Amino acid sequence: MPECLFCGIAAGEIPATVVLDGKRVIAFRDVNPQASTHVLVIPRDHYPNVAALASAGDGLLDELITEAHQVAVAEGIADSGYRIVFNTGPGAGQTVGHVHAHVLGGRPMTWPPG
Numbered sequence: 097m098p099e100c101l102f103c104g105i106a107a108g109e110i111p112a113t114v115v116l117d118g119k120r121v122i123a124f125r126d127v128n129p130q131a132s133t134h135v136l137v138i139p140r141d142h143y144p145n146v147a148a149l150a151s152a153g154d155g156l157l158d159e160l161i162t163e164a165h166q167v168a169v170a171e172g173i174a175d176s177g178y179r180i181v182f183n184t185g186p187g188a189g190q191t192v193g194h195v196h197a198h199v200l201g202g203r204p205m206t207w208p209p210g
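What the sequence shown shows, in my numbering, is residues 97 to 210, in sequence order.
The structure is reproduced here in structure tokens:
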């Protein structure tokens, strides 16, 4: 997608603070963090949301979740607890139309999130 911010990051055309660089998945720090640790995990290929990624059926959603856990381990939040969040659609707060998992931790997580 030529105008997709996250496709640009995945292609190395837009700078980001990368914390995991895999063959099909890349993870980088959120520029507007909502927790002490806030990392976005995305597939390199473009999918507009998590439903589209799940429908692809090629194991990439499983891989993305596995890599999100690896980010939590590397960031030192796996034992204390972390949250993986997918926002799907503008009404849920999805601001970039490329599926991304938010890995959040490093502070107590309350409900509702905030």
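We treat Cβ as the ideally placed atom computed from N, Cα and C, and that holds for glycine.
As the structure is a computational prediction, the values presented were derived from the model and not from experiment.
| Check | Outcome |
| --- | --- |
| In the DSSP assignment, the alpha helix (DSSP H) including aspartate 158 goes from what residue to what residue? | 156–170 |
| Could you give the residue range of the beta strand (DSSP E) that holds isoleucine 180? | 178–182 |
| If we count the other Cβ atoms within 10 Å of its Cβ and call it buried at 16 or more, is isoleucine 110 buried or exposed? | exposed |
| Going by beta carbon distance, what residues of the same chain come within less than 6 Å of alanine 106, once the five residues before and after it are set aside? | Ile122, Arg140 |
| Please determine, among Val115, Ile180, Cys100, Val169, the residue with the shortest C-alpha to C-alpha distance to methionine 205. | Ile180 |
| For isoleucine 138, which of Val195, Gly202, Gly201, Leu200 has the nearest alpha-carbon? | Val195 |
| Starting from isoleucine 173, follow the alpha helix (DSSP H) in both directions and report where the run begins and ends. | Per DSSP, isoleucine 173 belongs to no alpha helix (DSSP H) and is neither H nor E. |
| Note the first and the last residue of the continuous alpha helix (DSSP H) segment covering glycine 201. | First-last for glycine 201: 197–201, but that is the beta strand (DSSP E), not the alpha helix (DSSP H). |
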